[in-house]
Amino acid sequence: MVEALTEETTLSILKGLKIPPQPQIMVDLQLESAMPGVSLDQIADIISRDIGISGAALKVINSPFFGLRGKVTSIKHALNLLGLQNTLNIVNGLALRNTFSYQSLVEMTEVWDNSFDVAMACAAIAKITGIASVDEAYTFGLFHDSGIALLMEKFENYTQVLKAGYSETKRNVTDIENASFETNHSVVGYYVAKAWHLPEYLCQGIADHHKTEAIFSEQFAFNPKSKNLLALLKLAENTCLSNKHLGHAAEHYEFHRIKDDLLIYLGLSDYDLDDIQASVRDMQIH
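If you want it as structure tokens, here you go:
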């Protein structure tokens with residue numbers, strides 16, 4: 342089994358790290374959506390008040406990655422078409438990016454640009470394969486590397502360690518982070534997701550998104566929902582060349598190590614993989 346995240350390790354990991362709370366828009370939306378007889382008009386009004394979030398949400402929903410036939414023209418239209426939870430997942434992911442946008446570091450921009458590309462690719466691959474909902478795949482892609490932003494703030498040499506981790510041919514990037522900082526971005530990202538009240542299977546997937554060799558070789562039982570999201574994520578990372586954008590590494594070594602087991606799990610051939618990646622890249626992520 343994946344090592345449990347205990348209260349003791351939680352306190353140690355979070356010491357000196359400031360997990361950003363959910364912005365007020367998400368607090369308001371969660372309160373409203375929990376009311377008996379929830380009003381989609383009221384939900385649409387709350388989202389529409391934040392021009393930046395609502396505009397970005399419509400742009401994402403209307404992108405080729407979601408594959409909708411008609412153009413979504415308003416938040417109310419999005420709610421009627423996608424449903425409440427799907428729309429909230431998209432807004433939540435966009436709010437996360439806005440929360441970290443104060444960082445002007447070039448490296449931070451690269452991290453969020455990569456996360457956005459991966460999120461879009463996750464959505465597209467979810468649409469193609471049908472193994473997870475498009476909106477949850479998108480949210481998972483945006484949140485999966487959120488711990489990088491916090492560790493980058495805390496440790497001056499974090500970027501160098503991250504690059505060293507991606508250059509490792511046999512060990513995972515999180516192993517290199519653990520050796521340097523006694524924590525890693527997957528675990529920190531887990532606590533960001535928990536603080537933002539994401540479903541537990543999404544949080545667990547974030548915590549274990551660099552433990553995929555053991556997961557896809559079926560060394561232990563793993564939540565099927567989390568596993569499906571991880572499968573999408575690894576295809577998306579490879580499609581978007583995350584190894585180059587985050588680690589300046591020539592190859593995506595982790596993907597090469599899990600590729601055979603991953604394709605068997607998904608029931609895909611090498612040809613299918615090439616076809617999926619070509620389709621997503623044709624949507625002009627970058």
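Counted the way my numbering counts, the sequence shown spans residues 342 to 627. Each residue gets a CB set at the ideal place from its N, CA and C atoms; glycine is no exception. Just so it is clear, the structure is predicted and the values come from calculations on it, not from any experiment.
C-alpha distance - residue i paired with residue j, whole-angstrom precision
i: Leu409; j: Ile402; result: 8 Å
i: Phe407; j: Val475; result: 7 Å
i: Ile605; j: Asp611; result: 10 Å
i: Thr524; j: His589; result: 22 Å
i: Ser380; j: Val413; result: 19 Å
i: His538; j: Ser415; result: 26 Å
i: Val621; j: Phe484; result: 20 Å
i: Val502; j: Asp616; result: 34 Å
i: Leu370; j: Gly482; result: 21 Å
i: Gly434; j: Leu582; result: 21 Å
i: Tyr542; j: Tyr531; result: 10 Å
Extent of the continuous alpha helix (DSSP H) to which residue i belongs
i: Gln371; result: Gln365 to Ser374
i: Pro565; result: Pro565 to Thr580
i: His526; result: His526 to Ala536
i: Ser508; result: Element bounds for Ser508: n/a, residue is neither H nor E.
i: Ala548; result: Glu541 to Ala548
i: Lys585; result: Ser583 to Gly588
7 Å Cβ shell around residue i - same chain, five flanking residues per side excluded
i: Lys535; result: Cys544
i: Leu603; result: Phe557, Ala572 and Lys575
i: Met624; result: Pro405, Phe406 and Ala465
Cutoff 6 Å; reference residue i; Cβ partners in own chain excluding five residues on either side
i: Ser527; result: Thr515, Ala548, His550 and His551
i: Pro361; result: Thr440
i: Asn427; result: Asp476
i: Tyr499; result: Leu492 and Met493
Buried versus exposed, by CB contacts within 10 Å (16 or more), residue i
i: Lys575; result: buried
i: Asp391; result: buried
i: Asp458; result: buried
i: Ser445; result: Confidence in Ser445 is poor, its pLDDT being 49 and thus under 50, which makes the residue's placement too unreliable to answer from.
i: Asp486; result: buried
i: Glu578; result: buried
Interface flag, residue i vs chain B, CB-CB below 8 Å
i: Phe457; result: Reference to chain B is not applicable here, since this structure consists of a single protein chain.
Contacting residues, own chain, Cβ-Cβ under 8 Å from residue i (five flanking each side not counted)
i: Asp382; result: Lys417
The ligand ZN heavy atom lying under 7 Å from the CB of residue i
i: Ser380; result: Annotation note on the ligand ZN: not contained in the displayed structure, which lists no ligands.
> In the segment 378–459, which residue ranges form an unbroken alpha helix (DSSP H) of at least 4 residues, counting only runs that do not cross its ends?
Replying inline: 381–390, 392–402, 416–423 and 425–440
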